[in-house]
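Okay, so here's the structure we're looking at.
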Amino acid sequence: LILVSGGFMHPLFNGCTLKLMNVRSPSFNPASYADVPLYNIQAVSAATGVPAITLRSWERRYGVPVPRRDAKGYRLYSERDIAVARWLRDRVQQGVGISRAVNMLRVLERGELTTSPVVTGTFDLGQLQTRLVDAVARLDVDTIEAVLAEGLMVVSVEEVALQLLQPALYDVGEHWARGRLSVTSEHVGSNVIRSHIAQLVRISPAPWRPERIFVGCAPGELHDIGALIVALFLRRRGFDVVYLGPSVEPESLRQDVATLPPAAVCLSAGAVETAGALKDLFERLTGSYDGLLGFGGRVFSEDPALVDGVPGVYLGPDAGAAVDQIEGVLGR
Ligand code: B12
Numbered sequence: 051l052i053l054v055s056g057g058f059m060h061p062l063f064n065g066c067t068l069k070l071m072n073v074r075s076p077s078f079n080p081a082s083y084a085d086v087p088l089y090n091i092q093a094v095s096a097a098t099g100v101p102a103i104t105l106r107s108w109e110r111r112y113g114v115p116v117p118r119r120d121a122k123g124y125r126l127y128s129e130r131d132i133a134v135a136r137w138l139r140d141r142v143q144q145g146v147g148i149s150r151a152v153n154m155l156r157v158l159e160r161g162e163l164t165t166s167p168v169v170t171g172t173f174d175l176g177q178l179q180t181r182l183v184d185a186v187a188r189l190d191v192d193t194i195e196a197v198l199a200e201g202l203m204v205v206s207v208e209e210v211a212l213q214l215l216q217p218a219l220y221d222v223g224e225h226w227a228r229g230r231l232s233v234t235s236e237h238v239g240s241n242v243i244r245s246h247i248a249q250l251v252r253i254s255p256a257p258w259r260p261e262r263i264f265v266g267c268a269p270g271e272l273h274d275i276g277a278l279i280v281a282l283f284l285r286r287r288g289f290d291v292v293y294l295g296p297s298v299e300p301e302s303l304r305q306d307v308a309t310l311p312p313a314a315v316c317l318s319a320g321a322v323e324t325a326g327a328l329k330d331l332f333e334r335l336t337g338s339y340d341g342l343l344g345f346g347g348r349v350f351s352e353d354p355a356l357v358d359g360v361p362g363v364y365l366g367p368d369a370g371a372a373v374d375q376i377e378g379v380l381g382r
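Residue numbering for the sequence shown follows the working numbering, starting at 51 and increasing by one per position.
Set out below in structure tokens:
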């Protein structure tokens, strides 16, 4: 109803019109399902594939579905609750993000449009982080995938990236540096995580802002997961992002920036050497390019003195700060 009309575009949905059309969800009508409390949480979990812990987290954080309780206080769900859980699961699997999915549900249920997700409780991402790092150490790819899926079922993509993946990767680096985790586990773990983030970029809504932004890594920089997260966040704010990958080639980038001028070029550096390469590249670009030259990366948080030497705008210590700054410069 709301979503396939084509003209509908509300900031709440971050331009998800296309995705919403893809998910073919407008016909979902929770009221058409019986609301008789019959099923315990295990039965709902088996019927929907949503783990019991996730159902409880949805209830606590988003107030949906809220089961009735039996005489002993155990949760009892109805057919309607099961349909809602299944619908939310499908939206999350399609990359919509749980808080946005809950808001979409409210619109379908009540025609009510809130501008912020209904969050009523907290979720312990620390415990997921421990499970993730343990799984990386054991080369247990299935558990890595399961933990990522679990995180995305409960909190936003942004929270998963900044509060689960980033600290888990930092932990992995620490364990590796202390010889407590093998090089192979570090490679396997970072690869699986990286491919998940790349997948989230792929399923992001099509851009709805005109500005094109190049995001990548300084010459010689192979750590590209941070830059990929920046690209993901920018995509989710509607920017037309071209992801350049690790270690850009300076001369080729200079030519592309001259011929296809983007609104911004944002590069990452993780070490002193690559920060030097980034500085050299931006010095060459400043003469011929008048868009935003932005930069960030671990090395600038560790050694803030390096920021001053680089021509361009330091975009802050993480991807959340970076997208806010970029929006500030380019306009909301
Ligand atoms: C995975 C990993 C690798 C992978 C990278 C795979 C990939 N595709 O990225 C591989 C195996 C290739 C690798 C290689 C190496 N690694 Co390594 N690696 C890591 C590890 C474990 C995780 C990196 C990561 O993804 N972090 C998570 C991201 C999300 O965090 P982030 O980069 O800080 O990004 C956030 C912010 O900084 C910011 N940001 C980042 N980029 C940008 C860009 C812009 C524009 C903006 C605005 C913001 C921004 O926003 C991001 C998101 O919030 C780190 C540990 C650590 N502490 O990071 C070690 C680590 C970075 N590696 C290290 C080392 C030593 C190496 C090697 C030299 C090892 C070797 N001997 O070969 C090589 C160097 C490669 C090179 N030339 O660059 C050291 C660096 C030490 C130092 N002080 O320089 C670390 C810290 C491990 C350690 N504890 O010692 N590594």
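Here a beta-carbon is modelled for each residue, glycine too, at the ideal position from N, C-alpha and C. From a predicted model like this one, the values you see are computed outputs, not experimental measurements.
Notebook entry, point to check: Beta-carbon of G381 versus every beta-carbon of chain B: anything under 8 Å?
Noted result: No chain B appears in this structure, which consists of one protein chain only.
Next item on the list: Kindly indicate which three-state DSSP category N72 falls into: helix, strand or coil?
Entry: Residue 72 sits at position 22 when you count from the first residue of the sequence shown. With a pLDDT of 37 at N72, under the threshold of 50, the modelled position of this residue cannot be trusted; read the value that follows with caution. When DSSP states are grouped into helix, strand and coil, N72 belongs to the helix group.
Notebook entry, point to check: For F345, is the beta carbon positioned less than 7 Å from some heavy atom of the ligand B12?
Noted result: Taking the sequence shown and counting its residues from 1, one reaches residue 345 at position 295. Remark: the shortest separation between the CB of F345 and any heavy atom of the ligand B12 falls under 7 Å.
Notebook entry, point to check: Per DSSP, S318 is paired with what?
Noted result: Counted from its first residue, the sequence shown places residue 318 at position 268. Looking at the DSSP output, S318 bridges to C267 and G346.
Next item on the list: Please find out if some non-hydrogen atom of the ligand B12 comes closer than 7 Å to the beta-carbon of H246.
Entry: Here residue 246 refers to the residue found at position 196 of the sequence shown. No, the ligand B12 has no heavy atom inside 7 Å of this Cβ.
Check: When we look at the beta-carbon of P361 and count the other beta-carbons within 10 Å, is it buried (16 or more) or exposed?
Finding: Working through the sequence shown from its first residue, we reach residue 361 at position 311. So P361 ends up on the exposed side.
Margin query: Is S206 close to the ligand B12? I mean its beta-carbon at under 7 Å from any heavy atom of the ligand.
Written below: For this step, residue 206 is matched to residue 156 along the sequence shown. Because no heavy atom of the ligand B12 lies under 7 Å away, the Cβ of S206 does not count as near it: no.
Next item on the list: Would you tell me roughly how many angstroms separate the C-alpha atoms of L380 and A313, rounded to the nearest one?
Entry: Against the sequence shown, residue 380 aligns to sequence position 330. Against the sequence shown, residue 313 aligns to sequence position 263. Cα to Cα, the separation comes out at about 8 Å.
Check: Is V307 near the ligand B12, with its Cβ less than 7 Å from a heavy atom?
Finding: Your numbering for residue 307 matches position 257 in the sequence shown. For V307, the distance from the CB to the nearest heavy atom of the ligand B12 is not below 7 Å.
Checklist line | CB contact flag (L158, D368, <8 Å) | finding: Locating residue 158 in the sequence shown gives position 108, counting from the first residue. Locating residue 368 in the sequence shown gives position 318, counting from the first residue. No, they are not a contact pair.
Checklist line | Cβ-based burial, Q179 [other Cβ within 10 Å; buried from 16] | finding: Stepping through the sequence shown from its first residue, residue 179 is reached at position 129. Flag for Q179 reads buried.
Next item on the list: Can you grab the Cα-Cα spacing for the pair G337 / D306, in whole Å?
Entry: The residue given as residue 337 occupies position 287 in the sequence shown. The residue given as residue 306 occupies position 256 in the sequence shown. For G337 and D306, the distance between alpha carbons rounds to 15 Å.
Next item on the list: Mind checking who L189 pairs with in its DSSP beta bridge?
Entry: The residue given as residue 189 occupies position 139 in the sequence shown. DSSP lists no partner for L189.
Notebook entry, point to check: So is V322 buried or exposed if we call it buried at 16+ other beta carbons inside 10 Å?
Noted result: Stepping through the sequence shown from its first residue, residue 322 is reached at position 272. Exposed: under 16 other Cβ atoms inside 10 Å.
Next item on the list: Tell me, to the nearest whole angstrom, how far the beta carbon of L202 is from that of V142; I am working on the premise that it is less than 8 Å.
Entry: In the sequence shown, counting from the first residue as 1, residue 202 sits at position 152. In the sequence shown, counting from the first residue as 1, residue 142 sits at position 92. Contact between L202 and V142 holds: CB atoms are separated by about 6 Å, below the 8 Å threshold.
Next item on the list: Report the rounded CA-to-CA distance for V197 versus L182, giving the unit in angstroms.
Entry: As a working mapping, residue 197 is identified with position 147 in the sequence shown. As a working mapping, residue 182 is identified with position 132 in the sequence shown. CA-CA distance, V197 to L182, rounds to 6 Å.
Next item on the list: Look at the Cβ atom of G266, then the Cβ atom of G223, and state whether they are nearer than 8 Å.
Entry: Taking the first residue of the sequence shown as position 1, residue 266 is located at position 216. Taking the first residue of the sequence shown as position 1, residue 223 is located at position 173. It is not a contact, given that the beta carbons lie outside the stated cut-off.
Notebook entry, point to check: Exposed or buried, Q92, counting other C-beta atoms within 10 Å across all chains shown (16 or more means buried)?
Noted result: Indexing the sequence shown from 1 puts residue 92 at position 42. Label assigned to Q92: exposed.
Notebook entry, point to check: Which value, in whole angstroms, describes the spacing of the CA atoms of R304 and D340?
Noted result: If you number the sequence shown from 1, residue 304 lands on position 254. If you number the sequence shown from 1, residue 340 lands on position 290. In a straight line, the C-alpha of R304 is about 12 Å away from that of D340.
Check: Is V233 near S107, with beta carbons less than 8 Å apart?
Finding: As a first step, residue 233 must be located in the sequence shown, where it is residue number 183. As a first step, residue 107 must be located in the sequence shown, where it is residue number 57. Between V233 and S107, the C-beta spacing is not below 8 Å.
Next item on the list: Compute the Euclidean distance between the alpha carbons of R150 and Q144, then round it to the nearest angstrom.
Entry: What you label residue 150 is simply residue 100 of the sequence shown in a count that begins at 1. What you label residue 144 is simply residue 94 of the sequence shown in a count that begins at 1. Approximately 12 Å between the Cα atoms of the pair.
Check: Is Y112 helix, strand or coil by DSSP?
Finding: Here residue 112 is taken as the residue at index 62 of the sequence shown, counted from 1. Helix.
Next item on the list: Compute every distance between the C-beta of R285 and the non-hydrogen atoms of the ligand B12, then say whether any falls below 7 Å.
Entry: Against the sequence shown, residue 285 aligns to sequence position 235. Not so, every heavy atom of the ligand B12 lies at least 7 Å from the Cβ.
Next item on the list: Decide if T98 is buried, meaning its Cβ has at least 16 other Cβ atoms within 10 Å, or exposed.
Entry: Position 48 of the sequence shown holds residue 98. By the 10 Å Cβ count, T98 comes out buried.
Margin query: For the ligand B12, I want to know if R348 counts as a neighbour, meaning its beta carbon is within less than 7 Å of at least one of the ligand's heavy atoms.
Written below: Taking the sequence shown and counting its residues from 1, the one referred to as residue 348 is at position 298. R348 has its CB nearer than 7 Å to a heavy atom of the ligand B12.
Next item on the list: Within the same chain, show all residues whose beta-carbon is closer than 7 Å to that of D184, passing over the 5 residues directly before and after it, in chain order.
Entry: If you number the sequence shown from 1, residue 184 lands on position 134. Result list for D184: empty, nothing under 7 Å.
Item checked: Supposed close pair S206, A268 - CB separation, criterion 8 Å -> To locate residue 206, count along the sequence shown from 1; it is residue 156. To locate residue 268, count along the sequence shown from 1; it is residue 218. 29 Å between Cβ atoms; not a contact.
Note to self: Quick test of your reading: L343 and L335, contact by CB under 8 Å. State the CB separation rounded to the nearest angstrom.
What the structure shows: The sequence position of residue 343 within the sequence shown is 293, counting from 1. The sequence position of residue 335 within the sequence shown is 285, counting from 1. With a Cβ gap of about 6 Å, L343 and L335 count as contacting.
Next item on the list: Within 10 angstroms of the Cβ of S82, are there 16 or more other Cβ atoms? Answer buried if so, exposed if not.
Entry: Residue numbering aside, residue 82 sits at position 32 when the sequence shown is read from its first letter. It counts as exposed.
Check: How about Y339: is its Cβ closer than 7 Å to a heavy atom in the ligand B12?
Finding: Here residue 339 corresponds to residue number 289 of the sequence shown, with the count starting at 1. No, Cβ of Y339 sits at least 7 Å from all heavy atoms of the ligand B12.
Notebook entry, point to check: Do I275 and the ligand B12 come close, with the Cβ less than 7 Å from some heavy atom?
Noted result: Along the sequence shown, one-based indexing puts residue 275 at 225. Taking 7 Å as the cut-off, one finds at least one heavy atom of the ligand B12 near enough to the beta carbon of I275.
Check: So Y127 packs on V94, CB below 8 Å; how close in whole Å?
Finding: Working through the sequence shown from its first residue, we reach residue 127 at position 77. Working through the sequence shown from its first residue, we reach residue 94 at position 44. Sure, about 5 Å apart at Cβ, within 8 Å.
Notebook entry, point to check: Do you know offhand how far I132's Cα is from V86's?
Noted result: The count along the sequence shown starts at 1 and reaches residue 132 at position 82. The count along the sequence shown starts at 1 and reaches residue 86 at position 36. For I132 and V86, the distance between alpha carbons rounds to 11 Å.
Check: So is the beta-carbon of L214 under 7 Å away from any non-hydrogen atom of the ligand B12?
Finding: To locate residue 214, count along the sequence shown from 1; it is residue 164. The ligand B12 has no heavy atom closer than 7 Å to the beta-carbon of L214.
Checklist line | 8 Å Cβ cutoff met for R139 and V100 | finding: Sequence index remark: in the sequence shown, residue 139 carries index 89 (1-based). Sequence index remark: in the sequence shown, residue 100 carries index 50 (1-based). Annotated as proximal: R139 and V100, with beta-carbon spacing under 8 Å.
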